[in-house]
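> Residue numbers (this note's numbering), protein chains in the order written: chain A, 19 to 335; chain B, 132 to 401.
All C-beta atoms, glycine included, are put in the ideal place defined by N, C-alpha and C.
Here it is in structure tokens:
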């Protein structure tokens, strides 16, 4: 069945807080992982399926977050309206950027998106009047659905989990559709795709906007969840982390991207105990995964699981 | 009366494709030096010539990949020159490639479903929400893709990743994918290259079936037995110019073609 994996994931997401009630770690790490999944799944549409790279994706994450932060704290907009405005702003910027930027290929596209990410970060730091500068903005109200305020961590977990499942569902639908096939086609052979009537520059623009919307959505949720934003959450390192999640999980797979996002989030949490050696171990583990599981965690682990299952079954008489 | 009658007469006999004085140069080398020819609807029309004669350049110019410096390409009476490939495809012209341009990681069925792109309308938002009409359209696309696969005798390979097929079948997937677009003109660029005799024989039948399905075929091919037996009309290119044109029998009797290309007094079974 098409959505079997999706329902299994949904069951897991609901089971976690039930199995570990009042567990601070599960809830807080779960929220971080959920937001990363939304970001990675969106970026994977662009990178994994359409084969275009973005090294500035944290900018769209930041645009969503700052739109929510600025509109709620300075103009007292309701949180949901601010979230919607964040989506519109990110979508328009992505659309304006897409045509000139997506003409570029390979390294040049990487450089251009990198530049965009850096510029966005500089604006967040320098436009103090709007963004609060390096100190950021505080006092962002939580999301509020018709009076139901997301004012504790468990509610936050529920909202982020629902948003994450929505993002995964949307991504699965896009991939397995006329639009998704067109994206995969242009990654396979842009010339052949054009000869079958696919307007490839339009398709690239659309997917760039879509992945920006996923990122801005995660950004707004992040701002309302934390109640605080600062430029550090949207710098180049974050953009690189997002690319790492997609590649680590396995390109061109929605579950792969989700898997990479969760793995990297857990890795960061797990390695905190090593203090000074954290980054060293982090890098070594990433290298090991890429060397031994070049198709990414998701494909690699499912193959390993299948092998283990077959071996186990072969041994029982 | 004369005018109206004349116009109708033109519409009836106007060629499907009319190429006039097409010129394409690459840094001083004239790859196409004023090529003119007409392809009537319903024919299997072959373009032959020695390597470097301009056959593939002609195809790339016809489908919008190159921008010829002069000439015109009229398809069903309207100009194709200057349109991007995707717009030319939308007019009803599609092609296969001399070097495979398959979507190797996608299944055979998915490849052919990409071919149906122009016959469907689902946009990004509708696809993301998987609206009921999107599901209906998906079922329709699947059915269309299966029709093209049946025609190309690939139905049993539908679920296989295209990159895992033997070479001969990959070439047939390209044909199925192009047919799924329901073209009125199909350009086949060396479909027999790399095929063995059995596969080439099957290809001849397939090309005949494609024509029977109402698709005009423009064929670039080096395999002379195939060309001579399947084509209705031939165009011979040499150094970017038309050397000769006519029926297979005319061409095989043409002294200039024999010396430029066919070499010696070879007779091909027709």
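DSSP state of residue 61 of chain A, grouped into three classes?
In the first chain, counting from the first residue as 1, residue 61 of chain A sits at position 43. Note: residue 61 of chain A maps to helix in three-state DSSP.
> Considering only DSSP beta bridges, list what residue 152 of chain A is partnered with.
Against the first chain, residue 152 of chain A aligns to sequence position 134. Beta-bridge pairing links residue 152 of chain A to no other residue.
> For residue 142 of chain B, does the three-state DSSP call read helix, strand or coil?
If you number the second chain from 1, residue 142 of chain B lands on position 11. The predicted position of residue 142 of chain B is uncertain, since its pLDDT is 47 and thus under 50; no value can be drawn from it.
> Measuring straight from C-alpha to C-alpha, what distance separates residue 65 of chain A and residue 255 of chain B?
One-based indexing of the first chain puts residue 65 of chain A at position 47. One-based indexing of the second chain puts residue 255 of chain B at position 124. Each residue's Cα considered, the two are about 17 Å apart.
> Where does residue 162 of chain A fall in DSSP's three states?
As a first step, residue 162 of chain A must be located in the first chain, where it is residue number 144. Reduced to three states, the DSSP call for residue 162 of chain A is strand.
> Residues of chain A with CB under 9 Å from residue 249 of chain B, in chain order?
The residue you call residue 249 of chain B lines up with position 118 of the second chain. The contacting residues are 214, 215, 216.
> Going by the beta-carbon positions, is the gap between residue 56 of chain A and residue 182 of chain A smaller than 8 Å?
As a position in the first chain, residue 56 of chain A is number 38, starting the count at 1. As a position in the first chain, residue 182 of chain A is number 164, starting the count at 1. Yes. Within cutoff.
> Taking the C-alpha atoms as reference points, what is the distance between residue 140 of chain A and residue 151 of chain A?
Within the first chain, numbered from 1, the residue matching residue 140 of chain A stands at position 122. Within the first chain, numbered from 1, the residue matching residue 151 of chain A stands at position 133. Looking at the backbone, the Cα of residue 140 of chain A and that of residue 151 of chain A are separated by about 9 Å.
> Quick one: is residue 255 of chain B near chain A, going by C-beta distance under 8 Å?
The residue given as residue 255 of chain B occupies position 124 in the second chain. It does; some Cβ of chain A falls within 8 Å.
> So which residues of chain A does residue 405 of chain B contact, with C-beta pairs closer than 9 Å?
Lying outside 132 to 401, the shown extent of chain B, residue 405 of chain B is not represented and no answer is given.
> Go to residue 226 of chain B, then tell me how far its beta strand (DSSP E) extends in each direction, as first and last residue.
Counting from 1 along the second chain, the entry for residue 226 of chain B is found at position 95. 224-226 is the span of the beta strand (DSSP E), which, as asked, contains residue 226 of chain B.
> Using 8 Å as the threshold, is the C-beta distance between residue 147 of chain B and residue 347 of chain B below it?
Residue 147 of chain B sits at position 16 when you count from the first residue of the second chain. Residue 347 of chain B sits at position 216 when you count from the first residue of the second chain. Taking 8 Å as the Cβ cut-off, residue 147 of chain B and residue 347 of chain B qualify as a contacting pair.
> Counting Cβ pairs, one atom from each stretch, are 3 or more of them under 8 Å apart for the stretch 71-78 of chain A and the stretch 188-200 of chain A?
no
> Could you list which residues in chain B have their beta carbon closer than 9 Å to that of residue 248 of chain A, in chain order?
Stepping through the first chain from its first residue, residue 248 of chain A is reached at position 230. Neighbours of residue 248 of chain A on chain B: none; closest Cβ ~32 Å, over 9 Å.
> Please report how far the alpha carbon of residue 136 of chain B lies from the alpha carbon of residue 381 of chain B, in whole angstroms.
Position 5 of the second chain, counted from the first residue, corresponds to residue 136 of chain B. Position 250 of the second chain, counted from the first residue, corresponds to residue 381 of chain B. Caution is warranted here: a pLDDT of 44 is assigned to residue 136 of chain B, below 50, making its placement in the model unreliable, and the coordinate value is therefore given only provisionally. Spanning the two alpha carbons is a distance of roughly 33 Å.
> As a quick exercise: from B/336, B/315, B/156, B/306, pick the residue whose alpha carbon is nearest that of residue 322 of chain B.
Counting from one through the second chain, the residue named residue 322 of chain B turns up at place 191. With distances taken between Cα atoms, residue 322 of chain B lies closest to B/306.
> I'd like to check one pair, residue 209 of chain A with residue 232 of chain B: are the Cβ atoms closer than 8 Å?
The count along the second chain starts at 1 and reaches residue 232 of chain B at position 101. The count along the first chain starts at 1 and reaches residue 209 of chain A at position 191. Contact flag set, yes.
> Checking contacts by CB at 8 Å: is residue 68 of chain A closer than that to chain B?
Locating residue 68 of chain A in the first chain gives position 50, where the first residue counts as 1. No, because no Cβ of chain B sits closer than 8 Å to the Cβ of residue 68 of chain A.
> How would you call residue 345 of chain B, buried or exposed, if buried means at least 16 neighbouring beta carbons within 10 angstroms?
As a position in the second chain, residue 345 of chain B is number 214, starting the count at 1. That one is exposed.
> Suppose the cutoff is 7 Å on Cβ atoms and the five residues either side in sequence are ignored; what does the same chain contact list for residue 134 of chain B look like?
Translated into the one-based positions of the second chain, residue 134 of chain B becomes position 3. Here residue 134 of chain B scores only 42 on pLDDT, less than 50, and its place in the model should not be relied on; the value that follows carries that caveat. Contacts found: none.
> Could you give the distance in angstroms between the alpha-carbon of residue 25 of chain A and the alpha-carbon of residue 234 of chain B?
Along the first chain, one-based indexing puts residue 25 of chain A at 7. Along the second chain, one-based indexing puts residue 234 of chain B at 103. Computed Cα separation, rounded: 30 Å.
> Drop a sphere of 10 angstroms on the beta-carbon of residue 150 of chain B, count the other beta-carbons inside from all chains shown, and report buried for 16 or more, exposed for fewer.
Walking along the second chain from the start, residue 150 of chain B turns up at place 19. Buried: at least 16 other Cβ atoms inside 10 Å.
> Identify, in the order they occur along the chain, each residue of the same chain with its Cβ nearer than 8 Å to the Cβ of residue 338 of chain B, setting aside the five sequence neighbours on each side.
By one-based count along the second chain, residue 338 of chain B stands at place 207. Contacts found: 175, 319, 322, 348, 350, 361.
> My output table needs one value for residue 17 of chain A: the three-state DSSP class, helix, strand or coil.
In this structure chain A extends from 19 to 335, so residue 17 of chain A is not present and cannot be described.
> Give a yes or no on whether 8 Å exceeds the smallest Cβ distance from residue 224 of chain A to chain B.
Counting from one through the first chain, the residue named residue 224 of chain A turns up at place 206. Taking Cβ atoms only, chain B reaches closer than 8 Å to residue 224 of chain A, which makes this a yes.
> Using the three-state DSSP reduction, which class does residue 188 of chain B fall into: helix, strand or coil?
As a position in the second chain, residue 188 of chain B is number 57, starting the count at 1. The answer is helix: DSSP assigns residue 188 of chain B an H, G or I state.
> Spell out a yes or no on whether the stretch 217-230 of chain A and the stretch 294-311 of chain B are touching, meaning 3 or more CB-CB pairs, one atom from each, closer than 8 Å.
no
> What separation, rounded to the nearest whole angstrom, lies between the Cα atoms of residue 275 of chain B and residue 335 of chain B?
Here residue 275 of chain B refers to the residue found at position 144 of the second chain. Here residue 335 of chain B refers to the residue found at position 204 of the second chain. Whole-angstrom Cα-Cα distance: 23 Å.
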